[in-house]
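Protein chains in written order, with this note's numbering: chain A, 1 to 467; chain B, 1001 to 1467; chain C, 2001 to 2467; chain D, 3001 to 3467.
Written below as structure tokens is the structure these notes are about.
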């Protein structure tokens, strides 16, 4: 079956795969299949239990076409011609020679005339957000972000033969290095210490003598995949006989338990202070005389007592954790980071974006919403909309009006009327099933249709049949 | 003995008391004695075990001179004439009639001509920081702040006969109402609910019908004291036959365990994320699908597991609490809030403020620091300086150059050289003993004298004998 | 000849005209021809002597194809589908019914589904910067701006049959109303007073009773032109039987002598104060006692003397006017407002934008600048670059890297080395002639080529033959 | 007579003089007499016709007591003890040795202990605003500012024997160097060029070789005066046998015709653009092609025409000059700069500042305004209040609530009701005569008294007899 082909991934060209995925009825399932294709033949399940966040893994496929269609240097050349690619914003020109890392960005637009001159002089080119220029990259990342529950990003790297563009360093993201053209010699090193395992921030550039011996050394060829977790130092250079083009797909930046706790903890304390008088009681009159760095060497029983009271309150704090509210804060950040969904032809023809209203022969045709109680609808993607409560109000956050350029648009949301909350929750939880508008738990048909129109106009829902 | 007299407080006028206190060798002891005088005959110990933060207490003394010398309306009148008292900044004109609370502040300087006109028309006058104008109030508060380990403030209230200036409300501070002249009818009410016990913020004005029945109703007369904890609603009005002048001494604003935890908790999380890889591990891929308000009613075992992981990490967080560093942050805030010490004549003559260098007969005399290794010194007050470490650096914070006007000066500090840290710690912990400069644990005599000169010039230390 | 055809404009379709203009060797000549086409058959010369800034003029052509190709509703429909048109930013939805003017913009992207619904409900659509979406509008405006020496802008208005979208008002720009489709009933009124002749700011919306009787009333049909100066009140509405599409081309916003004087006058005073001690002499000691509004009715001879001294100095001020520097300030503002030039195919193939460097068959080809002393070059357009001195430095300002979106890019410039100033001036003044790089008045061939490369990379010059 | 004594100034001590001046009925006359005392025996009239803004002048009196009472080092010493003098804010510690000028200010409060140590080590002390600390300096400056119609400031300089505290330089103010104690060797030099005659800004420090030969060299002794205009370079140093204390009284900073024109010119252009269509007409289409620095060498007849049109408009601009409004803008700046008047005992007892309302024996006495229609009033000083119109509104600006610290208070003013404008103008112009409140040109007695009360409460008027 198609699905099996997808699962083992053999000989599946990316365009065909994406066309197949467009027929998968559930966006979460679609995302799983795409991720499975990325790491094939390693099963996703074992990847996550044994490799993810733990160690590098190499997939060599001897199939240079495996990732074909995702991106190419020819497409990059076309892009430079037709799009407004700006040095420093969209494209970095870099070199790493004799242990020195340099950036060569001039000001202004990157035109082939200057870009290829840099390349010919041994500079590497890093395209910072290919998703804004390539529909395929956009499509792939927008599907994967739903799988990761965290922003999926990408950089493309083009390196001339016999050169290296970057110093050894580690990043703050999980990295999937997808080799697209040519080949590249990679060396991967263990984190230097426990403190640099799964680090919060990327490193500065290292000197070769600081990083020890590689735990993995390999020549990646077109169709191969190299994954390594954040904190693993890496460097890649081109052999004299071939250029290299790869895209690094990344995720899980600032997506740790600690990052979530940063949302939980201040609010937990606020709640504890509101609800628990123990947190509002005054400090001992004399605590400044035995606490503080100046007194930290004192063996004062009052210190012990003070410290244990702090311990007790910190533990009690856990009971006031507003976990769901904090998750929603995190979700809002994620929604702002999200790429908008790229619609399949079917989705397009059944949503506001592809609606047939138009100007034809000097007048408008097919105009006016035809949503009725009989119209069957569902949210466009499992994860494209989310109900959150912000104090008194309930808001619906959604990704369908986001931009392909990171944070170019504000986070999109609107306040949900009390009488619409249940209907929206019902709608979200019913995915991937279509519901008739008439089945919405609202008071009147008018109300149901008004809600459906509102959601349709924002691109949040689409219909089972084209309107 | 003097001390006994002070302890029982009989017949002790404030000026005499303060003169006696000037001879107490240790500023902490001095502070205890002054506080004891404030609450006499209630022993401070039982006050703190039974009353403080728990309930109101009334001390009726039948001695209208008990607090005499602290402040008076005559002094207020002199102040208006000689000082730049500004409406809205230093003085509020208020009224509460027929259940309506109003403020009548005009712009500009408050002169007797307009102030007494307001008073004669039934307005109350609230002087906001008498410590900036009255040396006695400054002296008393600067001593008490060392006792409380928290800023001590004061407001003075002058109310015409037969009027009330303020609506019933509660405050966010511990209040000591000290009746100075005339008398005032007070009503005190319990907090309205558990949530308003020891509240974080002051209340708005209440209507009479919202506050129930008073738990204490009394006419306070000159020499009497009324204490009530934050959260206790109160209102006071003048009887037709007498005006009232009282000062409310306050402390413990934002000085609770929770306020300290606000310093502890964000840093604890930062440390945990640096030191403990568990906090840096990624969130589950799918957590957004079962967590969040939208999913809070779901009975999903993954929710239970997620919540218990948060509980586990929150409890673990306690083990990373930087308590001493957080206390120092709190201490810095307190140091910024502090009044500068008011020096006794002996302190003055032995410190930089009273040093004898001067212009006389057309030339300077007694100039040039005469600090030597034999000079004996100590810090001016037990709590006037504090060593704190801020990351790499160690800084000495001090209150001796603060202003009598709240936050008019920046928080004062300087970075301490590594070779001076031990000497300063030694100096602070040796108080109230005097040390010879030669005994400082520094490398050279030059170094010891240089440090002593530095501390002397900032007013942090004084000498055993006038220089 | 081509030129004659262009001049009388008969039967010339816009695309053909623009193709012809691409062959005109001098951008200023090209601009004149395009403007002549706009106002045909009125000769430009008589237009400027008799009509411009003086009175409305109507050109009825009975040729609905005259402006064809400039813009169309069909193109607008395509735009909504393919481009990110945002309500409020790029598109306004308006109505004017029963004397009330309303704006109906929702938030977010304007999609055909909602746009056409508004239209069908009688709303007018105003597209704010068609030049960002339509290459033809961009091309036309970028040519006209060189003619006007002032920014040329455009708005497109689509109005449903039987409706009016805007209240009567006047604008602060010279307006060329170009009827593209359907027809529109226009009424134009004289400025209401001398003060509103050639006004500095646009008016608010007027009531019908405030504007008197029209001086011109006409039904504009496709191919017709209506011009009116700033200050002339106007309103247009659709007849019941036809929609209307027109584009209003505008220029001369804040481009008056007074606007230039705002640059001249403060600097003139600065110079006068530096160079002329009369301006630095002190005011009379007692001038505040007889001058000022409070003394304006006094018949004091000192007033007369004071006023005549001011008159004398004001007149003297004229002699310090830095006119050329002020014109350059104005030019810089204009350069920032400018659209970038739209290149003809010949210009493209001979400039950095169309240079043949590219990726082909896995490697770069045609790379590396081949500019030599023999290369013949000229500036891309007569007015695309300008040398200005800013204090000490000389800077070259240029428009070739501007964006089609107003002020999206900063004003572009770079500092010119002293040894390059003459060469750049020579280059600018030689236009439209091509010069060999070797003929630049620089010291060395290296220098000449370096300058040429710099100018070529910024798109300021192009070569006589493709490189 | 008193007046004659004052005029010839013989043997008049400052305190006696100021007491005498307190009896002068008109503040302008008072100011004239004080200025005459300053420059005695030079008649003020000849001083302003021959010396002011033209050249230095020296007055040697052989009377070391002439300026006695203005300020002294003993007073400075007292000030350091009792007032919050801050290094860098109120006091600068400087030195000029071997051609190097240094500032030695530590942070924080200036106490005698450190100040006299600096002095003993050869540093000069500059007290920046003695008027904030010395009532006599305040009094003298507040009187002189009315004479100058421009802020009068002062710095005090104390210099140890055998040292120099400042490098040669010139200032941007008219300087009256008043020698108070000891003696100082001064050298004064001509401005270095025409451009530095009456300069707008002070100079940097000069090297000795840059300033040529002095035109005046003298040893100033106590009681002597040295005046020099802005732009004259000067330096002073102490002889080995005596310290020096002098105060420099200054005025006329930014008080030139050009400074006034900076208020006139932008508004004149605004008015011209509103009222004169010539200023609103568009620039020539092609002006950018022949104007601007790039074209400044072209001999183009259009340049001549363009330049002469600018000349014509600049001259026409003079006819739109809003001189009185601009003078009022300047007056407002001056009012903000002004010291508040220092009241004489008579003024005090008849104004709000000295009104007898007070607290006495437990109650208020003498309260309530007793202004009636019979009360006779006048403005406190000829120049303490000024009516200005700001667009629609008329405001009264006044100096009586200013602070002795420069700009510590906002500029004081209030909007004047239409029905009060005439009365205030009448009141201002009647000075120094007293008017009965009943004679105010207002509609009702109520209105007249209300206005008088308002002005009395702001300290703007005082009464003929104490209330």
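Note that the Cβ used here is the ideal one computed from N, Cα and C, for glycine as well.
Proximity of chain A to residue 1321 of chain B at the Cβ level (cut-off 9 Å) is accounted for by 307, 310, 311 and 314, in chain order.
In the three-state reduction of the DSSP assignment, residue 1139 of chain B falls in the helix class, which pools H, G and I.
The three-state secondary structure of residue 3092 of chain D, taken from DSSP, is strand. 3147, 3148, 3149 and 3150: these are the residues of the stretch 3124 to 3151 of chain D whose beta carbon lies less than 9 Å from some beta carbon of chain C, given in chain order. At a cut-off of 7 Å between beta carbons, residue 1079 of chain B makes no contact with chain A. Following the DSSP letters along the chain, one finds residue 3217 of chain D inside the beta strand (DSSP E) bounded by residues 3216 to 3221. The beta carbon of residue 2119 of chain C falls within 7 Å of a beta carbon belonging to chain A, placing the residue at that interface.
Non-local C-beta neighbours of residue 3013 of chain D in its own chain, meaning closer than 8 Å and more than five positions away in sequence, comprise 3065, 3068 and 3069, ordered along the chain. By DSSP's assignment, residue 461 of chain A forms a beta bridge with A:379. Shown here, residue 3350 of chain D sits in coil according to DSSP, grouped into three states, outside any helix or strand. In this structure, residue 293 of chain A places its C-beta atom within 7 Å of the C-beta atom of residue 1388 of chain B. In terms of beta-carbon proximity, residue 324 of chain A lines the interface with chain B, with at least one pair separated by less than 7 Å. In the DSSP annotation of this structure, residue 186 of chain A is not part of any alpha helix (DSSP H); the continuous beta strand (DSSP E) holding it starts and ends at 174 to 189. A straight line joining the alpha-carbon of residue 2428 of chain C with that of residue 2405 of chain C spans about 26 Å. By the C-beta criterion, the stretch 1040 to 1060 of chain B is judged not to be in contact with the stretch 3320 to 3337 of chain D, since fewer than 3 inter-stretch pairs fall below 8 Å. One finds 108 and 109 in chain A with Cβ atoms closer than 8 Å to the Cβ of residue 2401 of chain C, taken in chain order. Your pair residue 1243 of chain B and residue 1168 of chain B does not check out as a contact, with CB atoms roughly 21 Å apart and the cut at 8 Å. Listed by position along chain A, the residues whose Cβ is nearer than 9 Å to that of residue 1083 of chain B form an empty set, because the closest Cβ is around 33 Å away.
Membership of residue 244 of chain A in any alpha helix (DSSP H) is not indicated; the residue belongs instead to the beta strand (DSSP E) covering 244 to 251. Residues of the stretch 3233 to 3259 of chain D that bring their beta carbon within less than 8 Å of a beta carbon in chain B comprise 3243, in sequence order. Within chain B, no C-beta atom comes less than 9 Å from the C-beta of residue 378 of chain A; the nearest is roughly 16 Å away. Distance from the CA atom of residue 1381 of chain B to the CA atom of residue 1407 of chain B, rounded to whole angstroms, is 20 Å.
When secondary structure is reduced to three states using DSSP, residue 3282 of chain D falls in the strand class. For residue 88 of chain A, the closest C-alpha among the options A:119, A:458 and A:104 is that of A:104. Its chain contains 3094, 3159 and 3165 as the residues whose beta carbon lies nearer than 6 Å to that of residue 3124 of chain D, once the 5 sequence neighbours on both sides are disregarded; these appear in chain order. A buried status is given to residue 75 of chain A, since no fewer than 16 other beta-carbon atoms sit within 10 Å of its beta-carbon. Judged by DSSP in its simplified three-state form, residue 203 of chain A adopts coil rather than helix or strand. Exclusion of the five residues before and after residue 1133 of chain B leaves 1079 and 1083 as the residues of its chain whose Cβ lies within less than 6 Å of its Cβ. Under the Cβ distance rule, residue 3053 of chain D counts among the residues neighbouring chain C, one pair being separated by less than 7 Å.
With a threshold of 16 other beta carbon atoms within 10 Å, residue 414 of chain A falls short and is exposed. In this structure, residue 1263 of chain B keeps its C-beta atom at 7 Å or more from the C-beta atom of residue 1219 of chain B. Within the stretch 2440 to 2457 of chain C, contact with chain A at the beta-carbon level (separation under 9 Å) is assigned to 2456 and 2457. Assigned with DSSP and collapsed to three states, residue 2169 of chain C falls in strand.
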